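Encoded as structure tokens, the structure appears first; notes follow it.
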């Protein structure tokens with residue numbers, strides 16, 4: 003098939019970018035899916051505002067910032083166009099009339115980026131909508147009236163750098179126990195999501211953790227070229243640096259983050275933002291981190307029974323002590339024999355079900371008979 007993935011945001015990236023520097027979740031996903039589809043033999047283009055167009059990872063990276071890139075995109079005959087933007091009109095204008103157009107989005111139904119789907123004409127301009135979880139699909143049906151036959155769930159996946167990080171359970175055990183001091187030294191925890199999805203809550207709870215711990219924070223706004231600036235979170239970063247035991251590292255390129263998480267036994271993620279899915283959690287699972295998070299959004303669906311999730315309740319008033327209790331339980335057992343066995347099962351689960359090679363095959367099978375019109 004001839005497929006093009008289009009992102010009209012004014013971000014300079016191409017198929018190699020997530021291997022080189024931090025990049026937003028859906029943008030990274032588009033890069034990895036494009037490469038995985040190309041590996042299956044499809045003719046694939048990734049269309050962005052890249053300043054270095056050309057072939058990368060088997061993908062034709064076209065630039066919307068050049069007349070030549072726009073002309074090439076419009077002149078080719080595509081079997082389907084997959085768009086990261088919900089505004090159908092401007093995106094459809096980039097390709098030949100009649101090209102099947104699919105919206106692929108990880109945005110929750112209440113986000114401004116998809117508010118246009120509340121307009122019937124805008125909603126009906128898409129031939130189909132690909133979503134990242136059943137939780138998200140249900141909310142799109144309730145909010146926008148999208149019938150099931152017009153939507154499909156094709157989940158997110160882990161970056162290639164997170165695949166096969168451990169040879170076997172013994173290798174995982176050696177990695178996780180390497181930094182666990184038998185005489186009661188601190189256990190390392192990690193936080194890898196954006197600052198506004200739970201870091202402030204975690205920073206406030208950290209001094210109350212019952213067992214010796216240190217926290218490495220791989221979080222800032224560097225992956226995003228638009229939206230909240232890092233200056234908005236300057237006080238939070240300073241609070242991290244001022245709290246004994248917290249190391250604010252910032253975001254890292256995916257290969258560096260995979261190496262950094264390999265010896266860390268726990269992802270501490272008291273999520274306050276309803277996730278439609280969560281690549282950060284999937285990648286932490288692949289890196290052998292026990293996940294302690296909130297039972298919010300699609301996190302239960304994403305983790306598929308491989309995480310300890312704490313119900314935030316109606317108003318979060320009792321969340322902190324319950325979360326700290328859950329974290330203590332995991333810290334007490336995560337590097338035990340049974341704990342390592344559980345981690346190995348989750349590592350195997352993610353590698354078998356949530357790689358971009360798996361997703362590319364699912365996209366291929368889906369596109370063979372969908373969208374429905």
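Numbering (my numbering), first residue to last: 3 to 375.
In this text, a Cβ means the ideal position worked out from N, Cα and C, and glycines have one as well.
Keep in mind it's a predicted model, so treat the numbers as computed, not measured.
Query: Let me check one thing: in DSSP terms, what residues is residue 218 bridge-paired to?; Result: 192 and 249
Query: Mapping DSSP to helix, strand and coil, what is residue 148?; Result: coil
Query: Can you give me the C-alpha to C-alpha distance between residue 105 and residue 64, rounded to a whole angstrom?; Result: 19 Å
Query: Just to check my reading of the structure: residue 245 and residue 221 have Cβ atoms closer than 8 Å, yes? What is that Cβ distance to the nearest angstrom?; Result: Not quite, the Cβ-Cβ distance comes to about 14 Å (not below 8 Å), so this is no contact.
Query: Please report how far the alpha carbon of residue 197 lies from the alpha carbon of residue 334, in whole angstroms.; Result: 27 Å
Query: Pop quiz: residue 110 and residue 75 are said to be a contact at Cβ under 8 Å. What is the actual Cβ separation, rounded to whole angstroms?; Result: So it is not a contact: roughly 29 Å between Cβ atoms.
Query: Is the region 154 to 162 touching the region 129 to 141, taking contact as three or more C-beta pairs under 8 Å?; Result: yes
Query: On the CB-based measure, 16 or more other CB atoms within 10 Å of its CB, does residue 316 come out buried or exposed?; Result: exposed
Query: DSSP beta-bridge partners for residue 271?; Result: 295
Query: Within 10 angstroms of its Cβ, does residue 354 collect 16 or more other Cβ (buried), or is it exposed?; Result: exposed
Query: Could you tell me the distance, in whole angstroms, from the CA atom of residue 254 to the CA atom of residue 286?; Result: 14 Å
Query: Give me, in chain order, the residues of the same chain whose beta-carbon lies closer than 7 Å to that of residue 25; leave out the 5 immediate sequence neighbours on both sides.; Result: 15, 19 and 225
Query: Less than 7 Å between the C-beta atoms of residue 80 and residue 6, yes or no?; Result: yes
Query: Tell me whether residue 83 sits in a helix, a strand or coil according to DSSP, three-state version.; Result: strand
Query: I'd like to check one pair, residue 86 with residue 172: are the Cβ atoms closer than 7 Å?; Result: no
Query: Just to confirm, are residue 362 and residue 332 a CB contact at a threshold of 7 Å?; Result: no
Query: Leaving out five residues before and five after residue 118 in sequence, what residues of the same chain have Cβ atoms less than 7 Å from its Cβ?; Result: 88, 89 and 124
Query: Here's the rule: buried if 16 or more other CB atoms are within 10 angstroms of the residue's CB, otherwise exposed. What is residue 348?; Result: buried
Query: Does the distance from the C-beta atom of residue 60 to that of residue 40 stay below 7 Å?; Result: yes
Query: By Cβ distance below 7 Å, which residues in the same chain neighbour residue 313 in space, the five residues on each side in sequence not counted?; Result: 297
Query: Does DSSP classify residue 183 as helix, strand or coil?; Result: Low per-residue confidence applies at residue 183: pLDDT is 49, beneath 50, and the placement is therefore not dependable, though the value from the model is reported in the following sentence. Three-state DSSP puts residue 183 in coil, outside helix and strand.
Query: For the beta strand (DSSP E) containing residue 106, list its first residue and its last residue.; Result: 103 to 106
Query: Residue range of the alpha helix (DSSP H) that residue 65 falls in?; Result: Careful: residue 65 lies outside any alpha helix (DSSP H), inside the beta strand (DSSP E) at 61 to 65.
Query: So the candidates are 147, 162 and 121; which of them puts its Cα closest to the Cα of residue 284?; Result: 162
Query: Kindly provide the ranges of any alpha helix (DSSP H) runs that are 4 or more residues long and lie completely inside the region 309 to 350, ordered along the chain.; Result: 321 to 335
Query: Tell me which residue opens and which closes the beta strand (DSSP E) that residue 56 is part of.; Result: 56 to 58
Query: On the DSSP letters alone, give me the boundaries of the beta strand (DSSP E) that residue 134 sits inside.; Result: Premise fails: residue 134 is in no beta strand (DSSP E) and is neither H nor E.
Query: Taking the beta strand (DSSP E) that residue 50 falls in, what are its first and last residues?; Result: 45 to 50
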